[in-house]
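Worksheet for the structure shown next.
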Amino acid sequence: MSVSIAKTKRIHVAVGVIMNSDNQILLAKRLNHLHQGGKWEFPGGKVEQGESVTQALTRELKEEVDLTITDTSSLMTISHDYPDKQVLLDIHWVTGFTGEAHGIEGQLVKWVSKLDLQDYDFPDANKPIIDKILELES
Ligand SMILES: Nc1nc2c([nH]c(=O)n2[C@H]2C[C@H](O)[C@@H](COP(=O)(O)OP(=O)(O)OP(=O)(O)O)O2)c(=O)[nH]1
Ligand SMILES: [Mg+2]
């Protein structure tokens, strides 16, 4: 008897943790029809072929929330298996940006104080990110 295991491709995602001068962090609400729809996320999206993570992050943050990224530093990576998708989140701290945040794709965006982050419903993969933010900026 042979058992076949479907191999799915892990999706590489560039994710930005953006903090403003009031120590608030930018969250966006994933549109309902998307994977993990209705949950709050840190803006970002898939790294395309031939792109570096920083390039992907810069492109996605412009496309999704209209911010121009000037400085980033790498924070952590998280490999997570959802029942329907496998992701590799490449999370970067955004230390410099210009512009005003808007939800360009019709999504809600919100600046949230660090200590209020635990009141939001995030995808399961995000738990270590929240822990790290609380640890780093206390
Ligand atoms: N941006 C972002 N994605 C996250 C977070 N947590 C988490 O599990 N994800 C998952 C959800 C999705 O499966 C994947 C992101 O893919 P996406 O569909 O938003 O990618 P994208 O922005 O390139 O969108 P699209 O072009 O495919 O429409 O990563 C997070 O905090 N931010
Ligand atoms: Mg996205």
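1 is the number of the first residue of the sequence shown in UniProt numbering; add one for each residue after it. No residue lacks a Cβ here, since even glycine has one placed at the ideal position from N, Cα and C.
Proximal residues to residue i (C-beta, below 8 Å), its chain only, five neighbours per side dropped
i            : result
glutamine 24 : Trp111, Val112, Ser113, Lys114
Residue i versus residue j - alpha carbon distance
i             : j              : result
alanine 28    : leucine 108    : 6 Å
arginine 10   : threonine 58   : 21 Å
glycine 103   : leucine 34     : 15 Å
leucine 117   : isoleucine 130 : 7 Å
isoleucine 78 : aspartate 124  : 11 Å
Nonlocal neighbours in the same chain, by C-beta distance under 6 Å from residue i, ignoring five residues either side
i          : result
alanine 56 : Ala14, Val47
Residue interval of the beta strand (DSSP E) (run including residue i)
i             : result
lysine 110    : 109-113
isoleucine 25 : 24-29
lysine 46     : 44-46
CB contact flag (residue i, residue j, <8 Å)
i            : j            : result
leucine 75   : histidine 92 : yes
glutamate 60 : glycine 44   : yes
Burial state of residue i, where buried means 16 or more other Cβ atoms lie within 10 Å
i            : result
aspartate 90 : buried
aspartate 98 : It is threonine, not aspartate, that sits at residue 98 in the sequence shown. With fewer than 16 Cβ atoms within 10 Å of its Cβ, threonine 98 is classed as exposed.
glycine 38   : exposed
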